[in-house]
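Take a look at the structure below.
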Amino acid sequence: MISFTQSIGWIAPLFFIVLHLVRPMLFIPIVLICIPGGILFGPVLGSLYSLIGLTLSSCLFYGLLNRFGYIQNRFRRLRKRWFGEHRSLNVKQITILKLIPFMHYQLLTFFLMERSSSFKDYVIKTIWSNIPLVLVYTLIGRSISTLSPLATVVFVLLLLIISYYIREKYEVMKLRDFVSKKQVDRVEKKVRMREFI
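Heads up: the sequence shown begins at 1 in full-length UniProt numbering, then just goes up one per residue.
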């Protein structure tokens with residue numbers, strides 16, 4: 001991908017942004033696009049192009065979910081399987097989870113959609129939650145471009161191993177592991193009070 005993108009010259013940024021748009025259909029993890037963005041375009045332009053691509057991809061996702069109810073139902077089932085029936089994440093939690101390599105980006109985008117009062121609110125939250133993700137992986141890509149080939153291979157292997165381990169641990173997390181005991185107790189108390197009334 002890198003040599004092809006470099007060979008097409010001034011069209012490369014457009015191609016890179018389009019790659020972000022088709023990424024979900026090709027099941028390509030975001031990390032595997034943002035890192036080459038840092039190598040190809042540098043930290044500033046790579047971050048900018050990735051942010052534009054991810055934002056447009058999220059807007060497309062928003063449109064698809066609003067248009068096709070069965071896709072929304074699929075993501076509700078996925079949310080239930082990964083996080084439980086009534087789990088809701090705030091924007092800060094979503095931002096942190098997006099930093100986990102190979103995390104289900106579209107599912108986190110679905111959480112953002114549920115937390116948004118309008119399309120404009122959704123776009124603003126999407127941009128803010130994507131900035132750390134884009135900066136971290138684009139800067140990693142820029143750093144990799146200065147490493148030797150052996151160091152790059154070692155780094156990528158370590159990244160894959162760590163991300164696999166984190167993902168496996170993440171999938172079995174319970175609600176009490178993710179939020180404080182005080183918050184869970186407060187919610188349980190409210191539920192018991194409602195049942196009593």
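We put the CB at the ideal spot given by N, CA and C, even for glycine. Note that the structure is predicted; figures quoted are calculated from it, not measured.
- Remark: three or more beta-carbon pairs, one from each stretch, lie closer than 8 Å, so the stretch 42-55 and the stretch 124-142 are flagged as touching.
- In this structure, Leu-51 sits near Val-134, with a CB-CB distance shorter than 7 Å.
- In this structure Ile-94 does not touch Leu-65 by the C-beta definition: roughly 16 Å separates them, more than the 8 Å allowed.
- In this structure, His-104 is the residue among His-104, Leu-150, Trp-128 with its C-alpha nearest to the C-alpha of Arg-23.
- As the crow flies, the alpha-carbon of Ser-129 is around 15 Å from that of Val-31.
- Under the three-state reduction of DSSP output, Leu-65 falls in the helix class.
- At least 7 Å separates the beta-carbon of Lys-98 from that of Leu-89.
- Taking 7 Å as the cut-off, the Cβ atoms of His-20 and Ser-58 do not count as close.
- Between Ser-145 and Ile-39, the C-beta spacing is below 7 Å.
- In the structure shown, Phe-102 falls within a coil segment according to DSSP collapsed to helix, strand and coil.
- Taking the Cα positions, Leu-14 is about 24 Å away from Pro-101.
- Nearest to Thr-55 by C-alpha distance, out of Ile-161, Thr-126, Gln-72, Pro-132, is Thr-126.
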